[in-house]
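Down below is the structure, laid out as structure tokens.
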Amino acid sequence: MDYFLELFLGGLTRGSIYALIALGYTMVYGIIGLINFAHGEIYMIGAFTALIVISVLTLMGMNTLAILVIAGVIAVIYSSAYGYTVEKIAYKPLRNAPRLSALISAIGMSLFLQNYVLLAQTSDFLPFPCLIPDFEFMEPYAHIIGSTEIVILITTAVVMVLLTIMIKFTKIGKAMRATSQDKTMAMLVGINVNRVISVTFIVGSATAAIGGVLIASHVGMINFYVGFIAGIKAFVAAVLGGIGSIPGAVLGSFILGWTESFATGYVSSDYEDVFAFLFLVLILIFRPAGILGRSEKYKI
Amino acid sequence: MLKLKNVQTFYGNIQALKDVTIEISEGEIITLIGANGAGKTTTLMAVCGIVPPRSGEISFMGEPITGMEPDKIVSLGICQVPEGRRIFPYLSVAENLDMGAFLRNDRAEIKKDMEYVFDLFPILAERRHQAGGTLSGGEQQMLAISRALMARPRLLLLDEPSLGLAPLIVKQIFEILIKINAENNTTIFLVEQNANLALKVAARGYVMENGRITLTDLSENLLANEEVKKAYLGF
Numbered sequence: 026m027d028y029f030l031e032l033f034l035g036g037l038t039r040g041s042i043y044a045l046i047a048l049g050y051t052m053v054y055g056i057i058g059l060i061n062f063a064h065g066e067i068y069m070i071g072a073f074t075a076l077i078v079i080s081v082l083t084l085m086g087m088n089t090l091a092i093l094v095i096a097g098v099i100a101v102i103y104s105s106a107y108g109y110t111v112e113k114i115a116y117k118p119l120r121n122a123p124r125l126s127a128l129i130s131a132i133g134m135s136l137f138l139q140n141y142v143l144l145a146q147t148s149d150f151l152p153f154p155c156l157i158p159d160f161e162f163m164e165p166y167a168h169i170i171g172s173t174e175i176v177i178l179i180t181t182a183v184v185m186v187l188l189t190i191m192i193k194f195t196k197i198g199k200a201m202r203a204t205s206q207d208k209t210m211a212m213l214v215g216i217n218v219n220r221v222i223s224v225t226f227i228v229g230s231a232t233a234a235i236g237g238v239l240i241a242s243h244v245g246m247i248n249f250y251v252g253f254i255a256g257i258k259a260f261v262a263a264v265l266g267g268i269g270s271i272p273g274a275v276l277g278s279f280i281l282g283w284t285e286s287f288a289t290g291y292v293s294s295d296y297e298d299v300f301a302f303l304f305l306v307l308i309l310i311f312r313p314a315g316i317l318g319r320s321e322k323y324k325i
Numbered sequence: 114m115l116k117l118k119n120v121q122t123f124y125g126n127i128q129a130l131k132d133v134t135i136e137i138s139e140g141e142i143i144t145l146i147g148a149n150g151a152g153k154t155t156t157l158m159a160v161c162g163i164v165p166p167r168s169g170e171i172s173f174m175g176e177p178i179t180g181m182e183p184d185k186i187v188s189l190g191i192c193q194v195p196e197g198r199r200i201f202p203y204l205s206v207a208e209n210l211d212m213g214a215f216l217r218n219d220r221a222e223i224k225k226d227m228e229y230v231f232d233l234f235p236i237l238a239e240r241r242h243q244a245g246g247t248l249s250g251g252e253q254q255m256l257a258i259s260r261a262l263m264a265r266p267r268l269l270l271l272d273e274p275s276l277g278l279a280p281l282i283v284k285q286i287f288e289i290l291i292k293i294n295a296e297n298n299t300t301i302f303l304v305e306q307n308a309n310l311a312l313k314v315a316a317r318g319y320v321m322e323n324g325r326i327t328l329t330d331l332s333e334n335l336l337a338n339e340e341v342k343k344a345y346l347g348f
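Chains A and B, in that order, give the protein sequences. What the first sequence shows, in our numbering, is residues 26 to 325, in sequence order. What the second sequence shows, in our numbering, is residues 114 to 348, in sequence order.
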């Protein structure tokens, strides 16, 4: 039973990280109908920024928890700036171009950012310090779940709640939903659609950066390529849940996390990805729009 | 109030509007009639900044608005009830109305206006928590008009409000448009295929053919015009 619980919580943790990244994919897709392939790189840049900040602050001899918070905040700001800029440079000029053009531009941006970090930093794996201390009250449960995992779960939950409140109740949140449902009509009621799109990229990048810092601290190392792999997984999760749907992205992420965790635990870690993608294929056969996705139906 | 002068618009290489000149004074109801594909919708989209003109001038209250961003144009008091109603299907009725008031920040007044539109269309009050996409066609049209009213427009553009609706509902909606015009002095620019109806409501009319204004006159004269009768009134 403990083993099952361990795998369950491990899957939940994994799922949380996927969810933090998948949100960015699904929100951007919901608003401009684009798969932002550079999104994984934003996550990677978040992790790298945090690493740089951590290195500097550690040299200054600061308290580790304070370092983590400061590094997280700076990573969020930095990644958001990158997300915002990527949209302005690579997608906005193609707003009225065929969808394929923007998609190719997204892939180009992804490769560009990877190579930029490769050149500016290094191609080697860099150790990422684990800054989350082992909490004393977690001692009795240490064989099931670690302190880092708890921090990941709580942080994700807080981010999700804040995001839900924002989308459901704030003016900008409603404007985001309106824009995703009918962009022209959104303009006709006076919504500045370009601003809404920018905000979407900023919010998506910020959650990805939080995910980046958390997973890096969990795994303990990063390189320029981590964004690509995590990005693909999160993209799968978003499609699984129904791309464009925010609850769908979260649900898809948890399902993917659990699938991987249980497959690794009960079968073999070699088959982790096989099960994840098998699940995706099955879901798409029976529910092509994803678990919570809406098939396009409009009343005329 | 609104002036279009020699407006030309293009979709790619295809010219949609050719030298369109239209003038509306404050408090007026005017109509633009014409066949499918004549350019009526494009005319409204040009005014709202969605399809900016390639040449020509559009001005509102004496100020040029040609090439302005759509949200700036809305903030001047120009609101459109577009063709097909374009309700936000997954937002509730109340949220759709909130979106209509997007550029306003006076909460108390917004609430008052919401009561006002619920007064005009009581069915919307009943359905306020329902998703917009679940409403019937007539209810959606009422919601679309209400959403536009939430912005307190000085000029209301309506694109085929009668399309696909039962005659009784059409009658109700047109009565309310006349009421809005009379009570709030809201100027109304009505685009219609149902020329008979439109010319009875409006004081003046413009006739559009292939992107060109071919005729303009008082509604009573247009209703009596042999050409218009043959082409648009069906007798």
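Here a beta-carbon is modelled for each residue, glycine too, at the ideal position from N, C-alpha and C.
Practice prompt. Say whether chain A places a C-beta atom closer than 8 angstroms to the C-beta of P266 (chain B).
Written response: no
Worksheet item: Taking three-plus beta-carbon pairs below 8 angstroms as touching, is the stretch 176–184 of chain B in contact with the stretch 222–238 of chain B?
Response: With a cut-off of 8 angstroms on Cβ pairs, the stretch 176–184 of chain B is not in contact with the stretch 222–238 of chain B, counting fewer than three such pairs.
Discussion item. Let's see if you can read the secondary structure: which residues bound the alpha helix (DSSP H) around N309 (chain B)?
Written reply: 308–314
Discussion item. Tell me which residue opens and which closes the beta strand (DSSP E) that K113 (chain A) is part of.
Written reply: Neither: K113 (chain A) is in no beta strand (DSSP E) and is coded neither H nor E.
Worksheet item: Closest by CA to G190 (chain B), which one among B:Y203, B:E176, B:G324?
Response: Ranking the options by Cα distance to G190 (chain B), first place goes to B:E176.
Item to complete: Enumerate, from N- to C-terminal direction, the unbroken beta strand (DSSP E) stretches of 3 or more residues contained entirely within the stretch 214–250 of chain B.
Response: Listed in chain order, the beta strand (DSSP E) runs fully inside the stretch 214–250 of chain B amount to none, counting runs of at least 3 residues.
Item to complete: Go ahead and pull the three-state DSSP assignment for N119 (chain B).
Response: For N119 (chain B), the secondary structure class from DSSP, reduced to helix, strand or coil, is strand.
Practice prompt. State buried or exposed for T156 (chain B), treating a residue as buried only when at least 16 other CB atoms are found within 10 Å of its CB.
Written response: Buried, by the Cβ-count rule.
Fill in: R220 (chain A) in three-state terms, based on DSSP
helix
Fill in: 8 angstroms Cβ cut-off: residues of chain B touching K199 (chain A)
Residues of chain B passing the Cβ test: L204, E208, D211, M212.
Discussion item. On a Cα-Cα basis, can you pick out the residue from A:L143, A:P158, A:F29 that is closest to S242 (chain A)?
Written reply: A:P158
Worksheet entry | Euclidean distance between Cα positions of M255 (chain B) and F234 (chain B) | Going by C-alpha positions, M255 (chain B) is about 7 angstroms away from F234 (chain B).
Fill in: Buried/exposed call for Q252 (chain B), threshold 16 Cβ in 10 Å
The question names Gln, but residue 252 (chain B) is Glu in the sequence shown. Label assigned to E252 (chain B): buried.
Discussion item. Between the alpha carbons of G266 (chain A) and I240 (chain A), how many angstroms are there, rounded?
Written reply: 22 angstroms
Practice prompt. Flag this pair as yes or no: are the beta carbons of G318 (chain B) and T144 (chain B) separated by less than 8 angstroms?
Written response: Going by beta carbons, G318 (chain B) and T144 (chain B) fall inside the 8 angstroms limit.
Practice prompt. Determine the direct distance from the alpha carbon of A264 (chain B) to that of R217 (chain B), and round the result to whole angstroms.
Written response: Across the structure, R217 (chain B) and A264 (chain B) are spaced so that their CA atoms are roughly 7 angstroms apart.
Worksheet entry | Chain-ordered neighbours of P183 (chain B) on chain A, where CB pairs are closer than 7 angstroms | M212, L213
Discussion item. Could you check whether the Cβ of R202 (chain A) sits closer than 8 angstroms to any Cβ belonging to chain B?
Written reply: yes
Discussion item. Taking a contact to mean a Cβ-Cβ separation below 8 angstroms, would you say G147 (chain B) touches T300 (chain B) in this structure?
Written reply: Taking 8 angstroms as the cut-off, the beta carbon of G147 (chain B) is found no closer than this to the beta carbon of T300 (chain B).
Item to complete: Measure the Cβ-Cβ separation of F302 (chain B) and L270 (chain B) and say whether it is below 8 angstroms.
Response: yes
Worksheet entry | Within-8 angstroms CB hit, T209 (chain A) to chain B | yes
Fill in: Below-8 angstroms beta-carbon distance, I326 (chain A) vs any chain B residue
No answer is possible for residue 326 (chain A): the residues shown for chain A start at 26 and end at 325.
Worksheet item: At which residues does the alpha helix (DSSP H) containing R39 (chain A) begin and terminate?
Response: 27–57
Practice prompt. Identify every residue that forms a DSSP beta bridge with R325 (chain B).
Written response: B:E322
Fill in: Beta-carbon contacts of D132 (chain B) that lie in its chain and below 7 angstroms, excluding the five residues immediately before and after
N119, Q121, R325
Worksheet entry | Backbone CA spacing between I60 (chain A) and V292 (chain A) [nearest angstrom] | When rounded, the separation of the alpha-carbon atoms in I60 (chain A) and V292 (chain A) is 32 angstroms.
Worksheet item: Cβ of Q206 (chain A) less than 8 angstroms from any chain B Cβ?
Response: yes
Discussion item. Quick check on P272 (chain A): does DSSP put it in helix, strand or coil?
Written reply: helix
Discussion item. Can you find the residues in the same chain that come closer than 8 angstroms, C-beta to C-beta, to I308 (chain A), ignoring five residues on each side of it along the sequence?
Written reply: Once the five neighbours on either side are set aside, the close Cβ partners of I308 (chain A) are L265, G315, I316.
Worksheet item: At a CB-CB cut-off below 7 angstroms, which residues of chain A make contact with P195 (chain B)?
Response: M210, L213
Discussion item. Helix, strand or coil, according to DSSP, for G71 (chain A) in the structure here?
Written reply: Looking at G71 (chain A) - three-state DSSP - the assignment turns out to be helix.
Worksheet item: Under a Cβ-count criterion, where at least 16 other Cβ atoms within 10 Å of its own Cβ denotes burial, should A407 (chain A) be classed as buried or exposed?
Response: This structure cannot speak to residue 407 (chain A), because chain A is shown only from 26 to 325.
Practice prompt. Using three-state DSSP, classify F249 (chain A) as helix, strand or coil.
Written response: coil
Practice prompt. Classify E136 (chain B) as helix, strand or coil using the three-state DSSP reduction.
Written response: Note: E136 (chain B) maps to strand in three-state DSSP.
Worksheet item: Would DSSP call P177 (chain B) helix, strand or coil?
Response: strand
Item to complete: Could you work out which residues of chain A lie near F215 (chain B), taking near to mean beta carbons separated by less than 7 angstroms?
Response: A200, V214, G215, I216
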